[in-house]
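> Before anything else, here's the structure in question.
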Amino acid sequence: MRPAKSTAPRTHYRELKKKQIWNAMLELLEEKPIKNITIREICDKALIHRTTFYNHFYDIFDLAVYGIRQIAINIGADNDSNDLHEQTDSILFFIKRYKRIFINMCDTEYSDEILKTVGNELNEELLRIIRISEKISKKKIAPEIMAKFFSAGLERMISYWFESELPEDELRAEIFNVLDMIQNNIR
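Structure, rendered in C-alpha cells:
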C-alpha cells in the first residue's frame, strides 16, 4: 500500500500564488482606483496567465477581500499586545500605511462590502483582545457585543477619515477619547 501524499506542498504553492497576485494588485492600487484595474493588468504585473488568476479568485472583488484579510493578519502579527490602545494604534498605523490603497479599493460600487469586510476583520482582532483582557472579561458585557460595537465604530471612523481628510492625529485623539471613556465605564 502506498503512503498517502501530503497536500501541504500544494497548499503552500496555492498560497504563494495568491500572495503573488495580491502583491500585483497592491502595486496597481497604489496608482489607481480598483474600478480602473483590469484582470489583465493584474496578470501582467504578476507574470501569470488569466487562467491562473481564475484558479485562485472569482473576480477582482474576491481578490480585494483576500487582500483585506492579509492586511488584517499583518496587523495581528505585528502587534500581539492585549492592550486595546496599543492594538488600536497598530490598526491606525496600518490604515495610514495603506490609506491610498483603501481609498482606491473603496472607489467602486463594492465600497460598502469592502468596508464591511474591513469591519469584520477588525471585529475578529478586537474580539481576540477582549476575550483575553481580564478587566473586560469580568464585566457583564458580552465580548462579541463589545467587539462588534467598537469595530463598527472604528470602521465608520476610518470611512469618515477617508471622506473628510481629517488629520490622522486628530482621528487618533478622538478614537482614544472614546476608548478611554469606554474603559473608564468598564472598571
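So for the sequence shown, UniProt numbering puts the first residue at 1; every next one is plus one. Note that beta-carbon positions come from the ideal geometry of N, C-alpha and C, so glycine has one too. Quantities reported herein were computed from a predicted structural model and do not represent experimental measurements.
Could you give the DSSP three-state label for Glu165: helix, strand or coil?
Of the three classes helix, strand and coil, the one that applies to Glu165 here is coil, per DSSP.
> Following the continuous alpha helix (DSSP H) through Ala142, name the residue where it begins and the one where it ends.
Unbroken run through Ala142: none, as it is neither H nor E.
> Is Ile68 closer than 9 Å to Thr108 when the C-beta atoms are compared?
No, the pair does not count as a contact, with Cβ atoms beyond the cut-off.
> From Trp22 to Leu63, what distance separates their C-alpha atoms?
Cα to Cα, Trp22 sits roughly 7 Å from Leu63.
> Using only CA atoms, which one of Ala72, Lys17, Tyr66 lies nearest to Lys45?
Among Ala72, Lys17, Tyr66, the Cα nearest to that of Lys45 belongs to Lys17.
> Considering only the beta carbon of each residue, do Ile73 and Ile60 sit closer than 9 Å?
Not closer than 9 Å, so no.
> What residue does the alpha helix (DSSP H) around Glu41 start on, and which one ends it?
Element bounds for Glu41: 39 to 46.
> Runs of 4 residues minimum, wholly inside the segment 95 to 123: which ones carry the alpha helix (DSSP H) assignment?
Qualifying alpha helix (DSSP H) stretches, in chain order: 99 to 106.
> With 16 as the cutoff for other CB atoms within 10 Å, does Met146 come out buried or exposed?
Buried, because 16 or more other Cβ atoms sit within 10 Å of the Cβ of Met146.
> Is there contact here, the segment 119 to 130 with the segment 50 to 60, by at least three beta-carbon pairs under 8 Å?
The segment 119 to 130 is not in contact with the segment 50 to 60.
> Which same chain residues end up closer than 8 Å to Ile175 when comparing Cβ atoms and leaving out the 5 residues on each side of it in sequence?
Around Ile175: Thr88, Leu92, Leu154, Met157.
> Whose C-beta lies closer than 7 Å to the C-beta of Glu121 among residues of the same chain, with five residues either side of it excluded?
Only Ile68, Arg69, Ala72 meet the Cβ criterion.
> Taking only the alpha-carbon atoms, compute the straight-line gap between Met181 and Glu86 and give it to the nearest angstrom.
One C-alpha to the other measures close to 16 Å.
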